[in-house]
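2 protein chains.
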Amino acid sequence: DDVWEVVDDHHLDGTYAFGDFRDALEFTYEIGELAEEEWHHPDLHLEWGEVRVEMWTHKIDGLHKTDFVMAARMDRIHEQYAPA
Amino acid sequence: DDVWEVVDDHHLDGTYAFGDFRDALEFTYEIGELAEEEWHHPDLHLEWGEVRVEMWTHKIDGLHKTDFVMAARMDRIHEQYAPA
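Chains A and B are the protein sequences, given in the same order.
At position 5 of the first sequence (counting the first as 1) the number is 5 in this note's numbering, and the numbers step up by one without a gap.
At position 37 of the second sequence (counting the first as 1) the number is 121 in this note's numbering, and the numbers step up by one without a gap.
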């Protein structure tokens, strides 16, 4: 999986591709809902055909197992969308 | 209105504040829907309590009346949310 990169041993940075704005918007909403459920909130950058996610655990100002679990769940959600 | 700034005579940059992640997410979805209706797609940056919008008209690589009309519509949508 090529989506995620660990940056500065501090956060995950991943970019998902989509075929259009609509899919990127729906994906943003879906992972926003996941963030609310898990009470773990990434930064989300939405533009045409792309959603970039930056994620870390604010309480420890770094990476925790939770971040990697969330990343894997986002990957699975992304698989439900049409390839870009 | 303090939300919007014209940057480099090229694009609008505006940041809206919210009381939580949920409202910021719902607002992102609402203006994403507006973008689809108008077929005019900004870049949207969502984080806890905040949505930043960058918007310009790609066809002319600069600002058009459409951008200012969209900005005003976003302002009106934002008024429906609870103050941050």
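By construction, the Cβ of each residue, glycine as well, lies at the ideal position given by its N, Cα and C atoms.
Burial state of residue 28/A, where buried means 16 or more other Cβ atoms lie within 10 Å: buried
Burial state of residue 83/A (16 or more Cβ within 10 Å): exposed
Classification of residue 140/B by the beta-carbon crowding that lies within 10 angstroms, buried from 16 upward: buried
Contact belief for residue 40/A with residue 70/A at Cβ below 8 angstroms, rounded distance in angstroms: 6 angstroms
Cβ neighbours of residue 150/B in the same chain (closer than 7 angstroms, five flanking residues each side left out): 124 and 141
Coil, strand or helix - residue 97/B by DSSP: strand
Partner residues on chain A for residue 105/B, Cβ-Cβ distance less than 7 angstroms: 35, 36 and 41
Bridge-paired residues (DSSP) for residue 4/A: 14/A
Three-state class that DSSP yields for residue 147/B in the structure shown: coil
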